[in-house]
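**Q** To start, I am sharing the structure in question, which I have written as structure tokens.
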Amino acid sequence: MTARSFVTAIVVLSTAGVLAQARPAKPGANWPSYRGPNGAGVADGHALPAAWDVPARKGVKWTLAVEGLGHSSPMIWGNQLCVTTAISGKADNSLRIGQYGDIASVEDTTTHVWKLICADKTTGKQMFERTMHTGVPKIKRHTKSTHANTTLATDGAYMVAMLGSEGLYVYDMKGTLIWKKDLGVLDSGFYMVPEAQWEFSSSPVLHEGVVIIQADVQKDSFLAAFDVKTGKEIWRAPRTDVPTFGTPTIHRVGGQTQIIVNGWRHMGAYDFKTGKEIWKINGGGDIPVPVPVIGDGLIYITNAHGQASPIYAIRDTATGDISLKPGETTSAGIVWTAPREGAYLITPVLYDGVLYVCKTGGILSAFDAKTGERLYQQRLGKGVAAFTSSLVAGDGKVYVSSEEGDVYVIKAGRTFELLATNPLGELMLSTPAISEGVMYFRTNKQIVAIGN
């Protein structure tokens, strides 16, 4: 088997003595968590750039250097943009990109510093930074991973940072620590070779004052809910899955709010209030990474590695065990499947009735979201570069980014049309954020704001 993946609460009052109140959302301004509102990866309502050249400074609004390594995407609320980073005590702490199958971990036992960095999204001027944790990482990272993989989540009052084995942290928007919680050692890695540790990568979800954490690890996996104001654990649902690396999605069905999760032994839905299981599927790829994508009554889940790489289109009204039997491709709960067309690392994007799925080697496929009919398949680039960043879309465009920092801009639709290929000039494994017509890319060295 090979793999390329990586991926007692302390309550402190703010200086004013009162906990922050959530500010109202401004349409199109906020990208509050991984892949934006509800994890969809879509931002319409503003014109988005189609062509730029960062090395030539064309289309660049600003850049901000970020020390250390991190795959956490930019989180944006109002004019505030924030990321996390982990700074090694080792001079050479670089990433190894490309299409390879090594499962090895990085040997780095130096003291690391985990930081929260916030800047003005309009100017790039740094607002503040906070040291969240200092110490030797409890779990090693993959050569393509970092110790700051997870993206922050916010509701405009609180910012939630999940550092895996280094703990769960909640700040107000001014950077005051509200509480932190030690969740124990969360050992993410290859389930068949436990010594191959790859680091935690499931981002937190913040919904209606509740923090949701999916922790599928080598031992004692769980899905849990915490009060964002106090850190009190509301419920915990044990899971029996292997280590997975995806982020949950929130979805409301018939008056019930559900938490949708990817997995291998247990893809499925849980009740948001109680943690009770609603439906489940087993099977598929054995290293699940992509986020569940939802639209028009269907839930799209894909994963890969091992014996399978499926795409499932699941009815959001499903209940019980809807796992497919051998030879089946549909059922009462599953509308369509594409058994060998799934993605390993990259979360698809659903946009205007088309589901766009990209594989690690840069093969982009477009499917009719209702029927599963493949509309086209196209290789991006020369087939040499690897792709890790998840897809985003808006303004009639789909954005696909390679690890080498080339961003392919595709015209949205049922036929393939490449609008432009744009260089960032640096390695890029993080997923971009979008806010009010500006795209924010987190490279291995900086944040780059690109706009018309």
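Quick note on the working numbering: the sequence shown kicks off at 2 and runs consecutively. The beta-carbon is built from N, C-alpha and C at its ideal position, and this holds for glycine as well. Here the structure is a predicted model, which is why all the values come from computation and not from measurement.
Check whether the segment 52-65 touches the segment 439-448, counting contact only when three or more Cβ pairs, one atom from each stretch, lie closer than 8 angstroms.
**A** Yes, the segment 52-65 touches the segment 439-448.
**Q** Taking the alpha-carbon positions, what's the Ile88 to Thr144 distance?
**A** One C-alpha to the other measures close to 15 angstroms.
**Q** How about Val454 and Val186: do their beta carbons lie closer than 7 angstroms?
**A** No answer is possible for residue 454: it lies beyond the span of the chain, which begins at 2 and ends at 453.
**Q** For Ala23, which three-state DSSP category applies?
**A** At Ala23 the pLDDT is 42, less than 50, meaning the model places this residue with poor confidence and gives no usable figure here.
**Q** How long is the line joining the alpha carbons of Thr9 and Lys182, rounded to whole angstroms?
**A** Note that Thr9 scores a pLDDT of 31, beneath 50, so its modelled location is shaky; the value from the coordinates is reported in the next line. Their Cα atoms are separated by approximately 6 angstroms.
**Q** Quick one: complete beta strand (DSSP E) runs, 3+ long, within the segment 236-311?
**A** DSSP runs (the beta strand (DSSP E)) wholly in the segment 236-311: 250-254, 257-262, 268-272, 278-282, 294-296 and 299-303.
**Q** Excluding sequence positions up to five away, which residues of its chain have a Cβ less than 8 angstroms from the Cβ of Glu108?
**A** Closer than 8 angstroms at Cβ, skipping near neighbours: Lys141.
**Q** Where does Gln22 land, buried or exposed, given buried means 16+ other C-beta within 10 angstroms?
**A** Since pLDDT at Gln22 reaches only 40, below the 50 mark, its modelled position is unreliable, and the value read off the structure follows with that caveat. By the 10 Å Cβ count, Gln22 comes out exposed.
**Q** List the endpoints of the continuous beta strand (DSSP E) containing Phe191.
**A** From DSSP, Phe191 is part of no beta strand (DSSP E); its letter is neither H nor E.
**Q** Suppose the cutoff is 8 angstroms on Cβ atoms and the five residues either side in sequence are ignored; what does the same chain contact list for Gly238 look like?
**A** It is worth fixing the name first, because residue 238 is Ala in this sequence and not Gly. Closer than 8 angstroms at Cβ, skipping near neighbours: Phe223, Leu224, Ala225, Tyr271, Gly276, Lys277 and Glu278.
**Q** I'd like to know if the segment 318-329 and the segment 382-398 are in contact, where contact means that at least 3 CB-CB pairs between them fall below 8 angstroms.
**A** The answer is no - the segment 382-398 does not touch the segment 318-329, with fewer than three Cβ pairs under 8 angstroms.
**Q** Are the segment 253-261 and the segment 299-319 touching, with three or more C-beta to C-beta distances below 8 angstroms?
**A** With a cut-off of 8 angstroms, the segment 299-319 and the segment 253-261 count as touching, because enough Cβ pairs lie within range.
**Q** Can you tell which of Leu356, Lys360 and Gln379 has its C-alpha closest to the C-alpha of Thr372?
**A** Minimum Cα distance to Thr372 is reached at Leu356.
**Q** Let me know the beta strand (DSSP E) ranges lying completely inside the segment 76-100, each 3 residues or longer, listed in chain order.
**A** DSSP runs (the beta strand (DSSP E)) wholly in the segment 76-100: 76-78 and 81-88.
**Q** Under three-state DSSP, which class holds Glu167?
**A** Helix.
**Q** For a test of the three-state rule: what should DSSP assign to Gly363, helix, strand or coil?
**A** Correct three-state label for Gly363: coil.
**Q** Report the partner residues of Pro424 according to the DSSP bridge assignment.
**A** Pro424 pairs with Asp407.
**Q** When you compare only the Cα positions, how much space is there between Trp63 and Lys281?
**A** In a straight line, the C-alpha of Trp63 is about 45 angstroms away from that of Lys281.
**Q** Using the Cβ count rule (16 or more neighbours within 10 Å means buried), how would you classify Leu299?
**A** Buried.
**Q** Less than 7 angstroms between the beta carbons of Gly42 and Val393, yes or no?
**A** Yes, they are a contact pair.
**Q** Are Ala370 and Leu346 closer than 7 angstroms when you measure CB to CB?
**A** No, they are not a contact pair.
**Q** Helix or strand or just coil, what does DSSP make of Gly395?
**A** Gly395 falls in the strand class under three-state DSSP.
**Q** Would Thr303 be called buried (16 or more neighbouring beta carbons within 10 Å of its own) or exposed?
**A** Counting Cβ neighbours within 10 Å, Thr303 comes out buried, since at least 16 surround it.
**Q** Find out if the Cβ-Cβ distance for the pair Ser73, Val84 is shorter than 7 angstroms.
**A** Taking 7 angstroms as the Cβ cut-off, Ser73 and Val84 qualify as a contacting pair.
**Q** Beta carbon of Leu184, beta carbon of Leu169: below 7 angstroms?
**A** Going by C-beta atoms, Leu184 is nearer than 7 angstroms to Leu169.
**Q** Which residues in the same chain as Phe46 place their Cβ atom closer than 6 angstroms to its Cβ, once the five residues preceding and following it in sequence are excluded?
**A** One point to set straight first is that residue 46 is Gly, not Phe, in the sequence displayed. Taken in chain order, the residues that qualify are Gly29.
**Q** Does the beta-carbon of Gln259 have 16 or more other beta-carbons within 10 angstroms, so that it is buried, or is it exposed?
**A** Burial call: buried.
**Q** Count the other C-beta atoms from every protein chain shown that fall within 10 angstroms of the C-beta of Thr111, then say buried if there are 16 or more, exposed otherwise.
**A** When all chains shown are included, Thr111 counts as exposed.
**Q** By DSSP's criteria, Leu70 is part of a beta bridge. Which residues make up the other side?
**A** BP columns for Leu70 point to Ala87.
**Q** Just checking my contact of Trp265 with Gly285 at CB under 8 angstroms: how many whole Å lie between their CB atoms?
**A** Indeed they touch by this definition, with Cβ atoms about 6 angstroms apart.
**Q** Under the assumption that Leu419 contacts Tyr409 (Cβ atoms under 8 angstroms), give the Cβ distance between them as a whole number of angstroms.
**A** Between Tyr409 and Leu419 the Cβ distance is about 6 angstroms, and since that is below 8 angstroms, they are a contact.
**Q** Compute the beta-carbon to beta-carbon distance between Val449 and Arg36, rounded to the nearest angstrom, for a pair I have assumed lies under 8 angstroms.
**A** Contact flag wrong, Cβ pair sits at about 18 angstroms.
**Q** For Ile364 and Gly354, I'd like the C-alpha separation in whole angstroms.
**A** If you take the alpha carbons of Ile364 and Gly354, they lie about 20 angstroms apart.
**Q** CA-CA distance, Val171 and Thr348?
**A** If you take the alpha carbons of Val171 and Thr348, they lie about 26 angstroms apart.
**Q** Please list the segments of the beta strand (DSSP E) lying wholly inside the segment 104-158, counting only runs of 3 or more residues, in order along the chain.
**A** Runs of the beta strand (DSSP E) inside the segment 104-158: 113-121 and 127-136.
**Q** With DSSP as the reference, label Gly102 as helix, strand or coil.
**A** Here Gly102 sits in coil by DSSP.
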